[in-house]
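Asks: Quick one: this structure, given as structure tokens, is what I'll be asking you about.
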Amino acid sequence: MKKLLSTLLFSAGLILSAQIGIKTESPKAKLDVNGDVNFRNKIVVLNTTDNTLFQGNNDQLLVSQGEGYPPTWKTLRIPEYETNKFYLIFNNSFSNKTGLKFTSTEQSAITSRSTTFAKGNDISAFSGFKKIEGLSPTIKVFSAESKTYFQFETVVQATFPANTSPDISIDYACGIFVDDKLVNLRQRNLKASSASSTFITHNQIGVVSNLSTGEHVISVACSRLKSYNTTNDVVLAIGINASDNINDFITQSSLKVDVYEIPQVFNSITN
């Protein structure tokens, strides 16, 4: 009788507390097991739409959907990688229409380009360079063996009059930076033509190998370097129109980033 009464009191306590602890006197959930769990039959998930029980399919995993939501069955997919072979892990494209404009007073103060334009130099050393907004994505590298490719394209225009003798032109440069360190740079000269407001298409492709694993911020920055025989009112525009003979749709900038890796950590992908 005492055993029966104790059992009834214990069961009543479990119902009132709505928590069961196994090998723990202070359960933190409705069922709190402090030890190994061995399932001999099946695990099911309640489908709240029709109140049916679903066991999942072969090779599926039970995945949390966050606090307050029931778990769900997901299919695990692990890509088949070959040893020592690069695979495209990340690719995306970005664009910007606001661009950059440089007046004659915003010309860079850089005197030694060969020293400043060295791979790995910090952007703080690049006097007069401005970053193009919207072209600063964050990428994540998982492998110590990787190659990251960049393709930058824009239009460069200046409010030149028709060319004279001697030639009217402007030197400019655009650099691609990873974590504000230079990885690629192209320097060009925009020369006036027989028509006013000359413009050219600027294409730039770069690559950097074996970035450290983790997150990295990409950015593109450009500068007006030196003017030749120009008047003070000549404006240089990169990624935006300086004159109305073209528009911001034509001059917009784009950046494409591709990250290839030799996989070392197999990250699961669920559908």
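With mature numbering (1 follows the signal peptide of the UniProt record, and there is no 0) applied, the sequence shown covers -20 to -1, 1 to 251. Positions of the beta carbon are idealized from the N, C-alpha and C atoms, including for glycine.
1. So for Ile226, helix, strand or coil by DSSP?
2. In terms of residues, what are the limits of the alpha helix (DSSP H) holding Ser94?
3. Go through its chain and collect everything with a Cβ distance to Ser73's Cβ below 6 Å, but skip five positions before and after it.
4. So what's Leu(-13) in DSSP terms, helix, strand or just coil?
5. Can the beta-carbon of Asp228 be found less than 9 Å from the beta-carbon of Thr139?
6. Within the stretch 164 to 221, note down every full beta strand (DSSP E) run reaching 3 residues or more, in order along the chain.
7. Could you check how far apart the C-beta atoms of Lys22 and Leu41 are, in whole angstroms? I think they sit under 8 Å.
8. Between His182 and Asn27, what straight-line distance do the alpha-carbon atoms span, to the nearest angstrom?
9. Measure how close the beta-carbons of Val197 and Thr118 come, nearest whole angstrom, since I'm counting them as under 8 Å.
10. Compute the beta-carbon to beta-carbon distance between Ser88 and Leu205, rounded to the nearest angstrom, for a pair I have assumed lies under 8 Å.
11. Would you call the stretch 97 to 108 and the stretch 218 to 232 touching, i.e. three or more CB-CB distances under 8 Å?
Replies: A quick look at the data gives this:
1. Indexing the sequence shown from 1 puts residue 226 at position 246. The answer is coil: DSSP assigns Ile226 none of H, G, I, E or B.
2. Numbered from 1 along the sequence shown, position 114 holds the residue referred to as residue 94. Annotation for Ser94: the continuous alpha helix (DSSP H) segment containing it runs Arg93 to Thr96.
3. Looking up residue 73 in the sequence shown gives position 93. Same-chain partners within the cutoff: Lys236.
4. The count along the sequence shown starts at 1 and reaches residue -13 at position 8. Legend: pLDDT at Leu(-13) = 44, less than 50; position of this residue unreliable, value from coordinates given subsequently. Looking at Leu(-13) - three-state DSSP - the assignment turns out to be helix.
5. In the sequence shown, the residue the question calls residue 228 occupies position 248. In the sequence shown, the residue the question calls residue 139 occupies position 159. No, these two residues do not count as a Cβ contact at 9 Å.
6. Runs of the beta strand (DSSP E) lying entirely within the stretch 164 to 221 and spanning at least 3 residues, in chain order: 179 to 189, 194 to 208 and 216 to 218.
7. Locating residue 22 in the sequence shown gives position 42, where the first residue counts as 1. Locating residue 41 in the sequence shown gives position 61, where the first residue counts as 1. At roughly 15 Å, the Cβ-Cβ gap does not stay under 8 Å, so Lys22 and Leu41 are not in contact.
8. Start at 1 with the first residue of the sequence shown, and residue 182 comes out as number 202. Start at 1 with the first residue of the sequence shown, and residue 27 comes out as number 47. When rounded, the distance between both Cα atoms is 56 Å.
9. One-based indexing of the sequence shown puts residue 197 at position 217. One-based indexing of the sequence shown puts residue 118 at position 138. Taking a contact as a CB-CB distance under 8 Å, the pair Val197 and Thr118 counts as one, their CB atoms being some 5 Å apart.
10. Stepping through the sequence shown from its first residue, residue 88 is reached at position 108. Stepping through the sequence shown from its first residue, residue 205 is reached at position 225. Indeed, because the Cβ distance is near 5 Å, the residues count as touching under 8 Å.
11. Counting Cβ pairs under 8 Å, fewer than three are found: no touch.
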